[in-house]
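Quick note, the sequences are listed as chains A and B, same order.
Residue numbering for the first sequence follows my numbering, beginning at 31 and increasing consecutively.
Residue numbering for the second sequence follows my numbering, beginning at 31 and increasing consecutively.
Number of protein chains: 2
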Amino acid sequence: MFQAFDKNLRLHVDLSQQELEIVHQHFQHKTYPKKTFLLKAGQVCNFEAYLLKGCIKRYYIDQNGDETILQFAVEDWWVSDIASFCQQMPSRFYIETMEDTELLQINYQNKELLFKRLPKLERVFRLLVQRAYAVLENRFFTGITDSAEDRYLQFIKKYPGLLQRVPQYQIASYLGITPEALSRIKATLTRKK
Amino acid sequence: MFQAFDKNLRLHVDLSQQELEIVHQHFQHKTYPKKTFLLKAGQVCNFEAYLLKGCIKRYYIDQNGDETILQFAVEDWWVSDIASFCQQMPSRFYIETMEDTELLQINYQNKELLFKRLPKLERVFRLLVQRAYAVLENRFFTGITDSAEDRYLQFIKKYPGLLQRVPQYQIASYLGITPEALSRIKATLTRKK
DNA sequence: TATTTTTCTTAACCTGCATCAACATAACCT
DNA sequence: AGGTTATGTTGATGCAGGTTAAGAAAAATA
């Protein structure tokens, strides 16, 4: 069960089997059915979770009740509201399963205990945040630089599996456009071919 | 000289005077005149720098030669291309002083040495990256959610000093709009008052 | 001070995407 | 299967901000 998880942690730093077992003890294995809220706006996010199986979205709801999706997470990804979790302050976001989902999660207290026990993990998590930062900056950058059509093309290249798993209007939201706009983009793309 | 710097590092983690002195030894104190490039696209970013004095921009240049400014840094801020620095890969960005600038900078090798010497600093830098992540996510979020006018209003509230130090067309670039658009926004705002 | 260069403003026109609305399909229930 | 709800498509219209261009104002330099 921990195989992919261990590999993910070991990406940047060597960890012995004993060390990994200590890590495992601080995580909880959880399963949630489809459409379960792991976080609602206004709550403090009290987990960082590694996805073993399933699919999760993190999103914002504006005054009109419209969703803006900031992140999709699937197998081998991490999900959390980093700002809310790290600063233990109320979140603006919702985090919700889109499929039956299985994950390994750690709460704030356990994460601190784990750091006390294995200071080496400060490095692991520093590198994880750095990677998250790089991914986010790239997303930010393409959002400014590229057209909606380009962003869609990059999306299907980068996350080909998600097209089948996620309704199209949510992909539109992730891309920062309306469902109608995405529908038209697809239409022009098939015409081009 | 190190006063603000020390305070910045101590924000999250207690560090003794001896520990701080070890840190200082791994940083270089540098001054650069206005319009100096600290990084050019294609190079690997080999520094993380803390600004003692001055003003720096980090930006991208597209095919048409137009700048897109991703970050302004002033006193008590950090500047680097985190993705390029951490992964030691070529950058897409330029980092350039906009005023005579004084900073404390560390290179990749020294940072790793410093971590070996004082593993405690893994935590300090993890927390710094986390904060950078939170700031970036907020910027990303408002970029999607808010109108250009709202973003401008937030900008002048958040960085009131920069209006005097940075030409307006560069602020427009930072906000993701053209200089003409920002000029119009300002005109409508004064009309509203 | 005069002159050049940089920055800012205003106006006319254009475009990508939003909005609104109507309908078409597909998925989900009983 | 038949009805309901969720999702996707297409068209008409609107608007925020882009583009182009020309001139004004301010700053840098001689």
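Cβ coordinates follow ideal geometry from the N, Cα and C atoms, glycine included.
What you are looking at is a predicted structure, and each value in this text was computed from that prediction instead of being measured.
Test item: CB-CB of residue i and residue j under 7 Å
i        : j        : result
Tyr182/A : Leu158/A : no
Ala162/A : Asp106/A : no
Arg169/A : Ile125/A : no
Ile136/A : Glu78/A  : yes
Arg195/A : Arg156/B : no
Lys60/A  : Leu133/A : yes
Phe9/A   : Asp111/A : Given a span of 31 to 223 for chain A in the structure shown, any question on residue 9/A remains unanswerable.
Tyr90/B  : Trp108/B : no
Leu45/A  : Leu166/B : no
Nearest residue (CA-CA) to residue i, options the options
i        : options                                : result
Val104/A : Leu193/A, Ser177/A, Ile136/A           : Leu193/A
Gln48/A  : Glu152/A, Arg153/A, Leu148/A           : Leu148/A
Gln55/B  : Arg221/B, Asp36/B, Tyr62/B, Thr220/B   : Asp36/B
Val43/A  : Leu50/A, Ile201/A, Ala34/A, Val154/A   : Val154/A
Tyr62/B  : Ser46/B, Gly72/B, Leu219/B, Leu82/B    : Leu82/B
Leu41/A  : Gln160/B, Trp108/B, Gln117/B, Asp111/B : Gln117/B
Tyr199/B : Pro190/B, Thr220/B, Phe123/B, Ala211/B : Ala211/B
Gly95/A  : Leu166/A, Ala71/A, Ser213/A            : Ala71/A
Asp92/B  : Leu39/A, Leu166/A, Ile174/A            : Ile174/A
Tyr138/A : Pro190/A, Phe57/A, Ile207/A, Lys188/A  : Phe57/A
Pro197/B : Lys188/B, Lys187/B, Pro209/B           : Pro209/B
Thr127/B : Gln184/B, Val165/B, Thr172/B, Thr66/B  : Thr66/B
Asp176/B : Thr218/B, Ile207/B, Thr220/B           : Ile207/B
Chain A within 7 Å of residue i, Cβ atoms only
i        : result
Gly206/B : yes
Cys116/B : yes
Ile86/B  : no
Phe170/B : yes
Ile52/B  : no
Ile91/B  : no
Ile174/B : yes
7 Å Cβ cutoff, residue i in contact with chain B
i        : result
Glu179/A : no
Ile215/A : no
Residues of its chain near residue i, where Cβ-Cβ distance is below 7 Å and the 5 sequence neighbours each way are ignored
i        : result
Ser114/B : Val74, Cys75, Pro120, Ser121
Ile215/A : Ala178, Glu179, Tyr182
Glu152/B : Phe145
Ser203/A : Glu97, Thr98, Ile99
Thr172/A : Arg181, Gln184
Ala164/B : none
Sequence-distant residues of the same chain with beta carbon closer than 6 Å to residue i, five excluded per side
i        : result
Glu129/A : Lys64, Gly84, Cys85
Lys150/A : none
Leu68/A  : Ile125
Sequence-distant residues of its chain with Cβ nearer than 8 Å to residue i (five each side left out)
i        : result
Asn140/B : His56, Phe57
Lys187/B : none
For the segment 93 to 112 of chain A, list every residue whose C-beta sits within 8 Å of some C-beta in chain B, in sequence order. Flagged, chain order: Thr98, Leu100, Ile112.
Using a Cβ-Cβ cut-off of less than 7 Å, give me the residues of the segment 149 to 165 of chain A that come near chain B, in sequence order. Pro149, Glu152, Arg153, Phe155, Arg156, Val159, Gln160, Ala162, Tyr163, Ala164
Please list the residues of the segment 69 to 80 of chain A that have a C-beta atom closer than 9 Å to any C-beta atom in chain B, keeping them in chain order. For the segment 69 to 80 of chain A, there are no residues whose beta carbon sits under 9 Å from a beta carbon of chain B.
Taking Cβ-Cβ distances below 8 Å as the criterion, which residues of the segment 128 to 148 of chain B are in contact with chain A? Per Cβ criterion, the list reads Phe145.
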